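See below for the structure under consideration.
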Amino acid sequence: MTNTDSDNSREWAEQAYALLKKRQEEQKQELEKQEEQKQELEKQEEQKQELEKQEEQKQELIDIPNKENIAEPELGEFDDNFTWSAMVLAAQGKKINQISIDEIDWLTKLRRGLEETRKGFVTELLDKLGDDPLTPESLDDLETLLIRADVGIDSTDKVISALRTKLNEEVVGGEAGIKFLKKELKLIIDKPIKNSGSDLLVPQKGKLNVWLLVGVNGVGKTTTLGKLAYLSSKSNYKTLIAAADTFRAAAVEQLKVWGDRSNVDVISNQSKNADPAAVVFDAINSAKKRNVDLLLVDTAGRLQTKNNLMDELAKIKKIIDKKVPDAIVESLLVLDASQGQNGLKQAKSFAKSADLSGAIITKLDGTSRGGVSLAISEEVNLPIRFIGAGEGIKDLRPFNSYEFVEAMLADK
Ligand SMILES: Nc1nc2c(ncn2[C@@H]2O[C@H](COP(=O)(O)OP(=O)(O)OP(=O)(O)O)[C@@H](O)[C@H]2O)c(=O)[nH]1
Ligand SMILES: [Mg+2]
56 MTNTDSDNSR EWAEQAYALL KKRQEEQKQE LEKQEEQKQE LEKQEEQKQE LEKQEEQKQE
116 LIDIPNKENI AEPELGEFDD NFTWSAMVLA AQGKKINQIS IDEIDWLTKL RRGLEETRKG
176 FVTELLDKLG DDPLTPESLD DLETLLIRAD VGIDSTDKVI SALRTKLNEE VVGGEAGIKF
236 LKKELKLIID KPIKNSGSDL LVPQKGKLNV WLLVGVNGVG KTTTLGKLAY LSSKSNYKTL
296 IAAADTFRAA AVEQLKVWGD RSNVDVISNQ SKNADPAAVV FDAINSAKKR NVDLLLVDTA
356 GRLQTKNNLM DELAKIKKII DKKVPDAIVE SLLVLDASQG QNGLKQAKSF AKSADLSGAI
416 ITKLDGTSRG GVSLAISEEV NLPIRFIGAG EGIKDLRPFN SYEFVEAMLA DK
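Each residue of the sequence shown is one higher than the one before, counting from 56 in the numbering used here.
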C-alpha cells in the first residue's frame, strides 16, 4: 500500500465513520422523538382518565337525589294504594288520628317496590289456586315460586312442610292458604329479630352507639347512612358521621351532601390513602367531646390494595373497643335486594368473618327478588333492621316484618 493509498483509505474511513456517526445520531434522535411522543400520548391518556374519573365522581354527586325529597309528601288520591296502606296500619292497632301521610307514603312505596317480587309470585299463585282448596300439586307450584323469588331453599322447605302438615289435617282454601303462608314467612323473618332481644334497633340514650355500615361496593352503604343520619337527627339523637371509606375519592363529598341535608357533621380525612381506622379514631374523639348518641361509620366496599376488607373492618372495630369499650357497636351488613342469591352469598361470607349484628336490605324498589330477605333471616340468622326502597332521604324505614310480608303478598 502506498502512502497515497493509505491517505485515501484513511479519508474514506473518516467519511464512513462520520456517516455512521451521523446515522447513529439521527437514529438516537428518532428514538428520543418516539419516546417523547410515547410519553406525550401516555400523558394525554392519563389526563383523559383523570377527566373521566372526575366526570364519574361529578355524576355520582349529581345522582344524589336533591333536597326536594325532604319536603313533606302530599296526600295522593284515595285509591287502592291508600286503602291498602291504611288497612295495614289499622291491622297493627293504629287509630285513625295516629296515621300520617309519611307512613302512607312509605307503605305505598314498599308495596310498589315489591310489586315485581309479587308479580312473579302471588299473582301467579292466586291464578293457579283459583278458589279451589290447596292440593299437593299446588304446593309443588308454590315451592317453585318461592324458590324463584329467592326465598331460599331452607325457608321454602320450612314453609312447604308446614303447609303440607296443615293440608293433611284439614281442607285449606286459597285465601286461608295465603294467610297461613304469610304467618309462616313472618315467623321466619321474626326469629332472628326475637333472638336479638330487641324488636327495633334504636340508639341507647346515655351511651355512645356506633353503627358500622359494611358490605361490598355499590350496595348502598353511603346512601343508607345518609338516610339513617336523617332519621336519627330527626328523632333527636345527637348524630355524627365518620367517613371511613378513604378509598373512593368522592365518598367524602357524597357523605357531606347527605350530612348537610340532615344537619349532621362529617368527620373525614381528605389526604390520599388516609387510614380508615384513624378517621374512626378522630370521629370517636369528636363524638365524646360533643356527647354524641349515634356515630354512623361509612366503610369502603373495595380497597386499593388486595388487603382484606375484613381485616380493615377488624382494625376499625379494635379502635372502637379500645377507645370506647362501653360503646354499643352494631355492624350492619348492607345488601342490595336486586342481587338475589349473590346477596345471600355476601351475607354468608361477611357473617363468617365480620361479627355482624344485623342486615339492611336496600333497593327493594323495582326488584323481583325481595324474597332474599327471608333467606338472610333463615340461613344467616341476621335480624333485618332497616329496609330501603328508593334513593330519597326518606326512603328508608325500620324493618317491620308484618308490613313487609303484607306488601310481598298483597293480592291486588
Ligand atoms: N333504587 C334505589 N337505589 C339505591 C338505593 N340505595 C342506594 N341506591 C343507589 O345505589 C347506588 C350506589 O349507592 P352507594 O350508597 O354509593 O353505595 P355504596 O355501597 O356506598 O358504594 P361504594 O361506596 O362504592 O362501596 C347509588 O346510585 C344510589 O343512589 C335504594 O334503596 N333504591
Ligand atoms: Mg359508599
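Every residue, glycine too, gets a C-beta built ideally from N, C-alpha and C. Source: prediction; values computed, not measured.
Going by the CB atoms, is the gap between R219 and L194 shorter than 8 Å? Locating residue 194 in the sequence shown gives position 139, counting from the first residue. Locating residue 219 in the sequence shown gives position 164, counting from the first residue. Closer than 8 Å, so yes.
When DSSP labels each residue in this structure, what does T163 get in the three-state scheme? As a working note, residue 163 is residue 108 in the sequence shown. T163: helix per DSSP, three-state reduction.
Excluding sequence positions up to five away, which residues of its chain have a Cβ less than 6 Å from the Cβ of N136? Residue numbering aside, residue 136 sits at position 81 when the sequence shown is read from its first letter. Counting only Cβ-Cβ distances below 6 Å, and skipping sequence neighbours, we find T163.
Hey, A465 and R166: beta-carbon distance below 8 Å or not? Here residue 465 refers to the residue found at position 410 of the sequence shown. Here residue 166 refers to the residue found at position 111 of the sequence shown. Yes, they are a contact pair.
In angstroms with no decimal places, state the Cα-to-Cα distance between P331 and V269. Residue mapping note: residue 331 aligns to position 276 of the sequence shown, counting from 1. Residue mapping note: residue 269 aligns to position 214 of the sequence shown, counting from 1. Answer to the nearest angstrom: the Cα atoms are 13 Å apart.
Pairing CB atoms from the segment 427 to 437 with CB atoms from the segment 276 to 289, are three or more of them under 8 Å? no
By DSSP's criteria, T417 is part of a beta bridge. Which residues make up the other side? As a working note, residue 417 is residue 362 in the sequence shown. DSSP lists D391 as partners of T417.
Please confirm whether any heavy atom of ligand 1 lies closer than 7 Å to the CB of R357. Translated into the one-based positions of the sequence shown, residue 357 becomes position 302. Within the cutoff, so yes.
Compare the Cα-Cα distances from I374 to each of G395, L388, V352, G356 and report the closest residue. As a working note, residue 374 is residue 319 in the sequence shown. Closest by alpha carbon: V352.
What's the C-alpha gap between V335 and K418? On the sequence shown, position 280 is the one that residue 335 refers to. On the sequence shown, position 363 is the one that residue 418 refers to. Answer to the nearest angstrom: the Cα atoms are 27 Å apart.
Range of the contiguous beta strand (DSSP E) that encloses P453: Here residue 453 is taken as the residue at index 398 of the sequence shown, counted from 1. P453 -> beta strand (DSSP E) spans 451 to 453.
Close beta carbons around L236, own chain, < 8 Å, minus the five adjacent residues each side: Along the sequence shown, read from residue 1 onward, the residue named residue 236 stands at position 181. Around L236: L197, V214, L218, L464.
Verify the contact flag: T138, CB atom, against every heavy atom of ligand 1, threshold strictly below 7 Å. To locate residue 138, count along the sequence shown from 1; it is residue 83. No, the beta carbon of T138 sits no closer than 7 Å to any heavy atom of ligand 1.
Keeping to the same chain, check which residues put their C-beta closer than 8 Å to that of K372; ignore five residues upstream and five downstream. Locating residue 372 in the sequence shown gives position 317, counting from the first residue. Within the same chain, K372 has close Cβ partners L267, V384, S386, D410.
Give me the Cα-Cα distance between E225 and D187, rounded to the nearest whole angstrom. Sequence index remark: in the sequence shown, residue 225 carries index 170 (1-based). Sequence index remark: in the sequence shown, residue 187 carries index 132 (1-based). Approximately 14 Å, taken between the alpha carbons.
Residue from V321, A402, I244, K262 with nearest C-alpha to Y457: Taking the sequence shown and counting its residues from 1, the one referred to as residue 457 is at position 402. Ranking V321, A402, I244, K262 by Cα distance to Y457 puts I244 first.
Could you check what DSSP says for I448 in three-state terms: helix, strand or coil? For the purposes of this step, residue 448 is taken as the residue at position 393 of the sequence shown. Three-state DSSP puts I448 in coil, outside helix and strand.
Find out if the Cβ-Cβ distance for the pair Q401, V271 is shorter than 8 Å. Within the sequence shown, the letter at position 346 stands for residue 401. Within the sequence shown, the letter at position 216 stands for residue 271. Yes; because the gap between Cβ atoms is below 8 Å, this pair is in contact.
May I ask which residues mark the beginning and end of the alpha helix (DSSP H) holding N397? If you number the sequence shown from 1, residue 397 lands on position 342. Start and end: 396 to 408.
Within the segment 212 to 279, ranges of the alpha helix (DSSP H) (whole runs, at least 4 residues): 229 to 251
In whole angstroms, what separates the C-alpha of W313 from that of K293? Numbered from 1 along the sequence shown, position 258 holds the residue referred to as residue 313. Numbered from 1 along the sequence shown, position 238 holds the residue referred to as residue 293. Going by the C-alpha atoms only, they are around 16 Å apart.
Taking only runs of the alpha helix (DSSP H) that begin and end inside the segment 168 to 211, which ones reach a length of at least 4 residues, in chain order? 170 to 173, 179 to 184, 191 to 203
Heavy atom of ligand 1 within 7 Å of A306 beta-carbon: Against the sequence shown, residue 306 aligns to sequence position 251. Because some heavy atom of ligand 1 lies under 7 Å away, the Cβ of A306 counts as near it: yes.
Along the alpha helix (DSSP H) that carries A141, what are the first and last residues, could you check? As a position in the sequence shown, residue 141 is number 86, starting the count at 1. It spans 135 to 146 - the alpha helix (DSSP H) in which A141 sits, taken as one unbroken run.
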